[in-house]
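Input: a single structure, listed below in structure tokens.
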Amino acid sequence: MIKKISATLGIIFLMLPTGLLGQEPIVTNQADGIGSSNIAIGENNIVQSGSIKLKSIDGMIFNKSQGESVNLAIGKNNKANLGSIDMENSSGTVINFTKNGVQLVIGDSNKANLGSINMKNSSGTIVNMNDGGTNIAIGKNNKVNLGSVVADDTNGNVININKGGTNIAIGNNNTANLGSVINSSEVVNISGGGTNIAIGAKNIANLGSVVKSENVVNISGGGTNVATGGGEANLGSTVNSQNVVNISSGGTNIATGGTANLGSTINSKDVVNISRGGTNIAAGGVANLGSTVNSSNVVNISGGGTNIAAGGRANLGSTVNSRNVVNISGGGLNLAGGGTAHLGSVVNSANVVNISAGGVNVAAGGTAILGSVVNTDGAVNISAGGTNIAVGGDAFMNSVVSGVEYDSEGMPIK
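Residue numbers (the numbering used here): 11 to 424.
This is the structure we're talking about:
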């Protein structure tokens, strides 16, 4: 059995002390239309094609990878980079262009980066542009990044533009990021869509989203985002972030047995969130569409859409467990089977202006709240009506209710 293979194709690897050359180095790496196959089989594999790896270097870096290259790693503890940049203890101006390509890693504890930038203890100005490509990881403990920026202890200005592609992680404990920004600051992120899927247990799939970041402008053009097996799917959403302008034009977001957030603001503060709708489905979990949950200082505008939670909680254009919020809902269709459905409503919140244009809100065997204010302090509520149905449960429409107590998750206390 081959124990270790390091395969390199069209890559530059730099590990130079700062100032060694007497001036800031300029690094250029170009791999246009190489149409080659790069394969590593065994353990502790490193497969790199049209990529740059930097360690302890300052300067200007330009990387361009374009064509139909194939990057393949099979085994354990694999690292595969295609048209990507890794920075550690470095600073400078980095420009990365990637178009197309196929990358596949199979095994245990794999990391696959396609048209992405990974930064650790680094700083500088980053421009990352990715157009298409297919990035797949199969196994367990996989991390798959396509057209994304992932940072750790990093300061800098980042512009990330992703025009699509297919990003898939299959197995257990997988993380799939497509056109997203993770652990970053000072970022402009533009995602043109694509297909992002995480299948298995404890998976996380982010598409055109901002996670654990600050000072971000995020624009998501939609796409298809799916997490199954009790995972979490975020599409055009802001999660655990601050100082964010988030604009989502929709898409299809599905989490089976987990949490699905589409064009929503979750656990964040100081956010302007604008959602144009889409289809959001959580089976046995939580579905948030154009909503604000556990957040503060938010302007939330929802254009509607279709939001379905089977046996769970469905929030559409609503504000839950939040404060200092302006919430505007354009209606839509909100369904919760055996759970709780909030449409254009404010629950367990404070200091809120709520404007609801109506819509259709249905809760079968649960609680349905439409254009209402429940257990909230300091609220202005304006509702244009709509259709609100609760089968075997409670229905609130155009109401201000304080007699029903809810727990921290928005569920009624009997």
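Just so you know, even glycine gets a beta-carbon here, dropped at the ideal spot from N, CA and C.
Quick one: residues in its chain with C-beta nearer than 6 Å to the C-beta of residue i, no 5 flanking neighbours on either side, listed in chain order?
| i | result |
| --- | --- |
| S339 | S312, G327, G354, S366 |
| K153 | K121, T185 |
| L272 | L245, N263, G288, N290, L299 |
| N155 | N123, S126, N187 |
| S190 | S158, N216, S219 |
| D141 | K109, K173 |
| N325 | N298, S301, H352 |
| M97 | L64, M129, S132 |
| V336 | V309, V363 |
| A373 | A346, A351, A400, G403 |
| R286 | S259, G260, G313 |
| N307 | K279, D280, N334 |
| I171 | M139, I200 |
Using the DSSP secondary-structure output, state which residues sit across from residue i in a beta bridge.
| i | result |
| --- | --- |
| T176 | T144, T205 |
| T316 | T289, L343 |
| G69 | G102 |
| K130 | E98, D162 |
| S195 | E224 |
| G93 | In the DSSP output, where bridge partners are listed per residue, G93 has none listed. |
| K150 | D118, N182 |
Tell me which residues share the same chain as residue i and place their Cβ nearer than 8 Å to its Cβ, disregarding the 5 neighbours each side in the sequence.
| i | result |
| --- | --- |
| A394 | S366, A367, G368, G381 |
| G32 | Low confidence applies here, because G32 scores a pLDDT of 41, under 50, leaving its location unreliable and the question unanswered by this model. |
Do residue i and residue j have their C-beta atoms within less than 9 Å of each other?
| i | j | result |
| --- | --- | --- |
| A50 | I95 | no |
| N331 | N358 | yes |
| S79 | V112 | yes |
| V356 | A389 | yes |
| V104 | M70 | yes |
| T176 | I146 | yes |
| S201 | S230 | yes |
| I56 | N106 | no |
| N304 | N277 | yes |
| G239 | G261 | no |
With respect to the beta strand (DSSP E) encompassing residue i, which residues constitute its N-terminal and C-terminal limits?
| i | result |
| --- | --- |
| K65 | 62–65 |
| T108 | 101–109 |
| G340 | Premise fails: G340 is in no beta strand (DSSP E) and is neither H nor E. |
| D163 | Premise fails: D163 is in no beta strand (DSSP E) and is neither H nor E. |
| G396 | Per DSSP, G396 belongs to no beta strand (DSSP E) and is neither H nor E. |
| T185 | 185–188 |
| E242 | 242–245 |
| E78 | Note, E78: premise wrong, no beta strand (DSSP E); not H, not E. |
| T386 | That residue, T386, is in no beta strand (DSSP E); it is neither H nor E in DSSP. |
| G117 | 112–118 |
Please list, in chain order, all residues of the same chain as residue i whose beta carbon is under 7 Å from its beta carbon, the five residues on each side excluded.
| i | result |
| --- | --- |
| N193 | V160, A161, D162, K222, S223 |
| P27 | Confidence at P27 is low in this model, with a pLDDT of 39, below 50, so the placement of that residue should be treated as unreliable; the coordinate-derived value is given next. Closer than 7 Å at the Cβ level, and outside the excluded window around P27, lie S66. |
| G134 | S101, G102, T103, V104, G166 |
| S409 | S382 |
| A360 | R333, T386, D387, G388 |
Quick test of your reading: residue i and residue j, contact by CB under 8 Å. State the CB separation rounded to the nearest angstrom.
| i | j | result |
| --- | --- | --- |
| S195 | N225 | 5 Å |
| G315 | V296 | Not quite, the Cβ-Cβ distance comes to about 16 Å (not below 8 Å), so this is no contact. |
| N183 | N151 | 5 Å |
| V60 | G93 | Here residue 60 turns out to be Gly, not Val, going by the sequence shown. Correct: roughly 5 Å between the Cβ atoms. |
| V4 | N228 | The structure shown does not extend to residue 4, since the chain is modelled only from 11 through 424, so no value can be given for it. |
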